[in-house]
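K.L.:
Take 2 as the starting number for the sequence shown in the numbering used here and just add one per residue. The C-beta atom is built at its ideal place from N, Cα and C for all residues, glycine as well. Quick one: this structure, given as structure tokens, is what I'll be asking you about.
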Amino acid sequence: MATALITGASSGIGAAFANELAARKNNLVLVARSEEKLQHLAQKLQEEHKIKVHTLAKDLTITTAAVDIFNALIEQNITSIDTLINNAGLGDYGLFSESQRTKQLQMIQLNITALVDLTYQFLPQMIQQGRGNIINISSIAAFQGLPYMSVYAATKSFVLSFSEALWAENSKTGAKVLAVCPGPTNTQFYEKASFEKFSNEAESLRLDNPSEIAREALNALNSESSHIVTGRWDNKVISGISRFLPREIWSKVLEQEFRPKY
Ligand SMILES: NC(=O)c1ccc[n+]([C@@H]2O[C@H](COP(=O)([O-])OP(=O)(O)OC[C@H]3O[C@@H](n4cnc5c(N)ncnc54)[C@H](OP(=O)(O)O)[C@@H]3O)[C@@H](O)[C@H]2O)c1
2 MATALITGAS
12 SGIGAAFANE
22 LAARKNNLVL
32 VARSEEKLQH
42 LAQKLQEEHK
52 IKVHTLAKDL
62 TITTAAVDIF
72 NALIEQNITS
82 IDTLINNAGL
92 GDYGLFSESQ
102 RTKQLQMIQL
112 NITALVDLTY
122 QFLPQMIQQG
132 RGNIINISSI
142 AAFQGLPYMS
152 VYAATKSFVL
162 SFSEALWAEN
172 SKTGAKVLAV
182 CPGPTNTQFY
192 EKASFEKFSN
202 EAESLRLDNP
212 SEIAREALNA
222 LNSESSHIVT
232 GRWDNKVISG
242 ISRFLPREIW
252 SKVLEQEFRP
262 KY
């Protein structure tokens with residue numbers, strides 16, 4: 002049975018990937034900080050799908066996290082990962098000049114450094130075996146600068162660019178690399194990012210469903226795509242606008258749309 006490792010599996014899109022991969026009969030390694038939530042999900046998936054689920058409670062902003070995970074798996078006799086889902090991420094809303102320095106730096110560490118290092122740990126093995134999948138969660142925020150979420154959007158541009166390059170480098174190795182770009186999705190992301198626009202209930206009804214994103218992403222592994230924009234049709238329009246409008250005009254439109262109300 003194939004084994005998938007999912008970061009940020011304790012909630013939202015990561016938990017949706019865990020459910021979907023379990024239903025597709027993968028053994029799982031679930032990574033996040035919230036040990037209790039991971040264990041609860043692991044127990045449920047083991048009972049429902051008769052698979053093996055390991056949990057690793059790890060803070061991915063710690064610089065050794067990826068190496069620690071790789072070594073912890075060897076200790077548990079998990080010698081190969083067939084699918085790596087680099088999903089853990091966080092955002093922050095507000096003026097960059099007034100933001101918390103530590104939160105911005107942690108975001109870069111989590112959204113970029115941990116993703117690169119986990120890819121570095123597991124990709125060589127996939128190439129050696131001539132098969133494997135890496136799904137990196139980017140965002141429609143990757144396609145342009147996003148005022149008031151400046152560092153977040155830049156981290157997601159990095160994820161898209163990095164993934165596209167690895168997709169091409171590995172076109173003949175058997176290791177597939179896919180960047181997934183969701184639009185606004187119904188998870189705890191906005192609440193944690195202090196972004197009220199999508200935190201209230203009425204707005205949350207308009208958001209994409211994490212389970213549909215997980216399904217769309219896993220199905221896209223059967224295509225030749227380097228990236229996909231998931232969910233509602235307007236996500237596809239928004240992600241394409243910067244190719245047609247002068248970048249300055251689009252940035253100003255976004256600045257007005259996202260400007261804090263306080
Ligand atoms: N929601 C959206 O609208 C949206 C849109 C586009 C892209 N995305 C991307 O989708 C991904 C998943 O986000 P989500 O929407 O599902 O939000 P979420 O519900 O807040 O999930 C974030 C996950 O990341 C984990 N995480 C956070 N900090 C961590 C750390 N230091 N170490 C290890 N794990 C950590 C969290 O677990 P613990 O707190 O237990 O550690 C949680 O499992 C992110 O990369 C996000 O940027 C989201």
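In whole angstroms, what is the alpha-carbon distance linking L255 and Y149?
P.N.:
Against the sequence shown, residue 255 aligns to sequence position 254. Against the sequence shown, residue 149 aligns to sequence position 148. Rounded to whole angstroms, L255 to Y149 spans 9 Å at the Cα level.
K.L.:
Out of A73, D93, L124 and K173, point me to the one whose CA is closest to S151's CA.
P.N.:
Looking up residue 151 in the sequence shown gives position 150. Here the closest residue by C-alpha is D93.
K.L.:
What is the rounded straight-line gap between the Cα of T188 and the Cα of I14?
P.N.:
As a working mapping, residue 188 is identified with position 187 in the sequence shown. As a working mapping, residue 14 is identified with position 13 in the sequence shown. So the alpha carbons of these two residues sit roughly 7 Å apart.
K.L.:
From the DSSP output, in three-state form, read off L273 for me.
P.N.:
The shown model of the chain, from 2 to 263, leaves out residue 273, and the question about it has no answer.
K.L.:
Give me the Cβ distance between A176 and L219, rounded to the nearest whole Å; I'm assuming they're in contact under 8 Å.
P.N.:
Numbered from 1 along the sequence shown, position 175 holds the residue referred to as residue 176. Numbered from 1 along the sequence shown, position 218 holds the residue referred to as residue 219. The pair is not a contact, with the Cβ atoms about 16 Å apart (cut-off 8 Å).
K.L.:
Just curious, the alpha helix (DSSP H) that G1 is in, first and last residue?
P.N.:
Outside the shown range of the chain (2 to 263) lies residue 1, about which nothing can therefore be said.
K.L.:
Going by DSSP in three states, G133 sits in which element: helix, strand or coil?
P.N.:
Counting from 1 along the sequence shown, the entry for residue 133 is found at position 132. Correct three-state label for G133: strand.
K.L.:
Using only the alpha-carbon positions, how far apart do A3 and Q110 sit?
P.N.:
Residue 3 sits at position 2 when you count from the first residue of the sequence shown. Residue 110 sits at position 109 when you count from the first residue of the sequence shown. Rounded to whole angstroms, A3 to Q110 spans 29 Å at the Cα level.
K.L.:
Going by beta carbon distance, what residues of the same chain come within less than 7 Å of R233, once the five residues before and after it are set aside?
P.N.:
Translated into the one-based positions of the sequence shown, residue 233 becomes position 232. The residues are G184 and D209.
K.L.:
For T103, which option in I128, T62 and V68 has the closest C-alpha, if you only look at C-alpha atoms?
P.N.:
Position 102 of the sequence shown, counted from the start, is the residue given in the question as residue 103. The option with the nearest alpha carbon to T103 is T62.
K.L.:
Is T56 near ligand 1 - that is, is its Cβ less than 7 Å away from at least one heavy atom of it?
P.N.:
Translated into positions along the sequence shown, residue 56 becomes position 55. No - ligand 1 has no heavy atom lying nearer than 7 Å to the Cβ of T56.
K.L.:
Hey, out of G133, R132, G131 and A155, whose CA is closest to A142's CA?
P.N.:
In the sequence shown, counting from the first residue as 1, residue 142 sits at position 141. The candidate whose alpha carbon is nearest that of A142 is A155.
K.L.:
Mapping the DSSP letters down to three states, classify T84 as helix, strand or coil.
P.N.:
Taking the first residue of the sequence shown as 1, we reach residue 84 at position 83. Here T84 sits in strand by DSSP.
K.L.:
Within 7 Å: the Cβ of R34 and any heavy atom of ligand 1?
P.N.:
The count along the sequence shown starts at 1 and reaches residue 34 at position 33. Flag set: Cβ of R34 near ligand 1.
K.L.:
Relative to the C-alpha of A58, which residue among A67, A33 and R216 is closest?
P.N.:
Working through the sequence shown from its first residue, we reach residue 58 at position 57. It is A33 whose Cα lies nearest to the Cα of A58.
K.L.:
Measure the Cβ-Cβ separation of A17 and I229 and say whether it is below 8 Å.
P.N.:
As a first step, residue 17 is located in the sequence shown; it is residue number 16 there, counting from the start. As a first step, residue 229 is located in the sequence shown; it is residue number 228 there, counting from the start. Cβ distance not < 8 Å, so A17 and I229 don't count as in contact.
K.L.:
Around the C-beta of I75, are 16 or more other C-beta atoms found within 10 angstroms, so that it is buried, or is it exposed?
P.N.:
Residue numbering aside, residue 75 sits at position 74 when the sequence shown is read from its first letter. Result: exposed.
K.L.:
If you pair each beta-carbon of the segment 4 to 11 with each one of the segment 84 to 91, do three or more pairs fall below 8 Å?
P.N.:
Enough Cβ pairs lie closer than 8 Å, so yes.
K.L.:
Report the rounded CA-to-CA distance for L46 versus I52, giving the unit in angstroms.
P.N.:
Along the sequence shown, read from residue 1 onward, the residue named residue 46 stands at position 45. Along the sequence shown, read from residue 1 onward, the residue named residue 52 stands at position 51. Distance between the alpha carbons of L46 and I52 is about 7 Å.
K.L.:
So, for A23: in the same chain, excluding its five sequence neighbours on each side, which residues have a beta-carbon less than 8 Å away from its beta-carbon?
P.N.:
Residue mapping note: residue 23 aligns to position 22 of the sequence shown, counting from 1. Around A23: L29, L46, E49, H50, I52 and V54.
K.L.:
Judging by CA-CA distance, which residue of M127, W168, K157 and V181 is the nearest neighbour of N112?
P.N.:
By one-based count along the sequence shown, residue 112 stands at place 111. Nearest C-alpha to N112: K157.
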